[in-house]
Amino acid sequence: MAIVEPLPTETGERRRWALTSPVDRSALGEWEASSAADVDAALARARAAQPAWAARPIAERAAIIRRAVEVLIARKDEIVESLRVETGKPRAEALTIEILSSADFLNHWSARAVRQLRDERRRLHGYLLPVKRLTVHYQPLGVVGVITPWNAPFVLSLNPITQALLAGNSVVLKPSEVTPRSGAWAVDVLREAGVPEDVVQVVHGDGETGAALVAGDVDKIAFTGSVATGRRIAEVCGRRLIPCTLELGGKDAMIVCADADLERAAAGAVYLSMFNTGQVCLSVERIYVVDSVADEFVRLVTEKAAALTYGAGPDKDMGPLFSDRQLEIVSRHVDQAKQAGAVAAVGGSPGKGDGLFFEPTVLVGVDHSMPLMTEETFGPIAAIMRVRDEDEAVRLANDSAYGLSASVFTNDPARAERIGKRLITGSVVHNDAATIYGVTEAPFGGRKASGVGQVNGVDALRKFTHAQPILLARWRTKSEHVWYPYTADTEKTIETILRVAFGNRFVRRLMS
Ligand code: NAD
-17 MAIVEPLPTE
-7 TGERRRWALT
3 SPVDRSALGE
13 WEASSAADVD
23 AALARARAAQ
33 PAWAARPIAE
43 RAAIIRRAVE
53 VLIARKDEIV
63 ESLRVETGKP
73 RAEALTIEIL
83 SSADFLNHWS
93 ARAVRQLRDE
103 RRRLHGYLLP
113 VKRLTVHYQP
123 LGVVGVITPW
133 NAPFVLSLNP
143 ITQALLAGNS
153 VVLKPSEVTP
163 RSGAWAVDVL
173 REAGVPEDVV
183 QVVHGDGETG
193 AALVAGDVDK
203 IAFTGSVATG
213 RRIAEVCGRR
223 LIPCTLELGG
233 KDAMIVCADA
243 DLERAAAGAV
253 YLSMFNTGQV
263 CLSVERIYVV
273 DSVADEFVRL
283 VTEKAAALTY
293 GAGPDKDMGP
303 LFSDRQLEIV
313 SRHVDQAKQA
323 GAVAAVGGSP
333 GKGDGLFFEP
343 TVLVGVDHSM
353 PLMTEETFGP
363 IAAIMRVRDE
373 DEAVRLANDS
383 AYGLSASVFT
393 NDPARAERIG
403 KRLITGSVVH
413 NDAATIYGVT
423 EAPFGGRKAS
433 GVGQVNGVDA
443 LRKFTHAQPI
453 LLARWRTKSE
463 HVWYPYTADT
473 EKTIETILRV
483 AFGNRFVRRL
493 MS
């Protein structure tokens, strides 16, 4: 039985689906999908509620979001329980990936909301300075649709919703059908903190519900998910001329230089390939190690991966894959690689038991003829390829349709920076990897097929607004020199401005 099983429904009824545990395939209950009419009704409520929310002082909205940190801490065990039921991820992972990062996002964005979102007076340059004044107003967009995946269903819902709400928008969330309860917690926490019910809502269902949201009365879509869905959403948003951010898949490379601390590099290779059972957009999916240290690196990675535990218990190192589709992809990539000559130094097969487990796996002897090294695998696989030198590592790292992030392991930060600047990726991390999403100051987003637009960063909240310049007149004059009617005087004025402002190098500098 699939993890998500559509149930037969009569014409005119809402569609329903049954969920099954990835841990032991036990039944988790049934869910009802929101119909297109439900989505439209939610959007209409969101539209009606948004002006009053936007009219509240930014500090008041920020205070509500700050309160959400307390709600989150109070509810954390229930949220972790939902995550464990729907995904089987170890408790330590639920706490770090989902709860800790969410607390930081809520706390950080709420503390910066007033500074980022209040009207900004900008000093004008040159000849405009004496005549005009400029204010930039960060105007909320209106209603934002947020569509999220199943791999980190709580934090990936909570973070964009929080940013959109602080910016004065109302939000309708469509979490993944694989993890509906875990996603919906984001809305519950924010409502309990004081966000009005119509300002933050959730609709449930699969791609059909998501498509209804994208086609509905929304002013922006914040999407996190696969490349295929991202393309579909971009097409619709393009036709409708509404903005979207697309945070899509990755095939992140890790480069291990000859001077790397091999203990750390090996520990990082295992953790960063396998945490969340490898189902992280920023997982290390390909490892390029310089030949001179490759034997020792492979030995250490093998030793560490072999020591990992996996299974159903809350204290195991690794849980199951979260969906049967994922188990199929991981098994196929590993099998194809082995058939083409790769060798499993550790694992390499589906795990024991009824659940969707796959063994922690180390593969050596891989190359770019294998889908394992070119397509997103999203599984607990450390795939290691030897390279001659750093130049070859950079060339292979860039030989990808994806460009989300990359990591460089070296004891020399300057070398990491030098190599990083040659990588065509959204971000680069030294001696670490996936943490970049939690670095709120860092703009985050993919290049190539890994996405469009960036989230987070010092102007994160502004990305959910329209920066509206309001140009004010300094003087009350009946007319401007350049307005009708054109006379000899008009031309003379412009000639004078040109001569005075741009005729001499020194004044030009003053005017710039
Ligand atoms: P998915 O694209 O199958 O689904 C994502 C969401 O989109 C779900 O809620 C789904 O119901 C919805 N959806 C599906 N079809 C739709 C349509 N036509 N219109 C609107 N919505 C639709 O992705 P997934 O399998 O849930 O997630 C895994 C993928 O997400 C991986 O590729 C992973 O790399 C990526 N991801 C990226 C990031 C990032 O920040 N770049 C973060 C996490 C996950």
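With the working numbering, letter number 382 in the sequence shown gets 364, and the count goes up by one each step, no holes.
By construction, the Cβ of each residue, glycine as well, lies at the ideal position given by its N, Cα and C atoms.
### Task
Provide the residue span of the alpha helix (DSSP H) that contains I215, from first to last.
209 to 222
### Message
Going by DSSP in three states, R105 sits in which element: helix, strand or coil?
### Response
coil
### Task
Just the C-alpha distance for V154 and T407, rounded to the nearest angstrom, thanks.
30 Å
### Message
Determine, for E(-13), whether the minimum Cβ-Cβ distance to residues of chain B falls below 8 Å.
### Response
Absent from the structure: chain B. Only one protein chain is present.
### Query
Are G330 and G347 close, meaning C-beta to C-beta below 8 Å?
Contact annotation: G330 and G347 have beta-carbon atoms that are not nearer than 8 Å.
### Closest Cα partner of T422 within the set P362, G187, D86
When only C-alpha atoms are compared, the closest one is D86.
### Message
On the CB-based measure, 16 or more other CB atoms within 10 Å of its CB, does N486 come out buried or exposed?
### Response
exposed
### Task
Look up Q121 in the DSSP assignment and say whether it is helix, strand or coil.
strand
### Query
Taking the alpha-carbon positions, what's the D201 to L443 distance?
One C-alpha to the other measures close to 15 Å.
#### Entry: Distance, H119 Cα to A449 Cα
6 Å
### Query
Would DSSP call S152 helix, strand or coil?
strand
### Query
the ligand SAM heavy atoms versus the CB of L303: any closer than 7 Å?
The ligand content of the structure shown is limited to the ligand NAD, which means the ligand SAM is not among them.
### Range of the contiguous beta strand (DSSP E) that encloses M493
That residue, M493, is in no beta strand (DSSP E); its alpha helix (DSSP H) goes 487 to 493.
### Closer than 7 Å: N133 CB and nearest the ligand NAD heavy atom
Because some heavy atom of the ligand NAD lies under 7 Å away, the Cβ of N133 counts as near it: yes.
#### Entry: Same chain, Cβ closer than 8 Å to R173, five either side skipped, listed in chain order
E179, V182
### Task
For S409, I'd like the list of residues in its chain whose CB is within less than 7 Å of its CB, leaving aside the five on either flank, ordered along the chain.
S387, I418, A424, F426
### Query
Would V171 pass as a contact of V53 if the rule is Cβ separation under 8 Å?
Yes.
### Task
Rank R94, L99, W167 by C-alpha distance to the C-alpha of K58 and give the top, closest one.
W167
### Message
Output needed for R103: all residues of its chain with C-beta closer than 6 Å, excluding positions within five of it in sequence on either side, in chain order.
### Response
T117
### Distance, R115 Cα to S164 Cα
48 Å
### Query
How big is the Cα-Cα spacing for A18 and K298?
41 Å
### Query
Between N89 and T447, what straight-line distance do the alpha-carbon atoms span, to the nearest angstrom?
20 Å
### Message
Which residue wins for smallest C-alpha separation from V316, given the options F279, D277, M300, T356?
### Response
T356
### Message
By alpha-carbon positions, which one of A242, A175, S389 ends up nearest to A50?
### Response
Comparing Cα-Cα distances from A50 to each of A242, A175, S389, the minimum goes to A175.
### Task
Ignore the nearest five residues each way along the sequence and tell me which others in E358's own chain have a CB closer than 6 Å to its CB.
G231, K233
### Query
Taking the alpha helix (DSSP H) that E357 falls in, what are its first and last residues?
Note, E357: premise wrong, no alpha helix (DSSP H); not H, not E.
### Terminal residues of the alpha helix (DSSP H) in which D471 lies
470 to 484
### Message
Just verifying my parser: in three-state terms, what is the DSSP assignment at G435?
### Response
coil
### Query
Can you pull the DSSP bridge partners for K202?
V126
### Task
Return yes when the C-beta of R566 is under 7 Å from any heavy atom of the ligand NAD, and no when it is not.
This structure cannot settle anything about residue 566, because the visible part of the chain is limited to -17 through 494.
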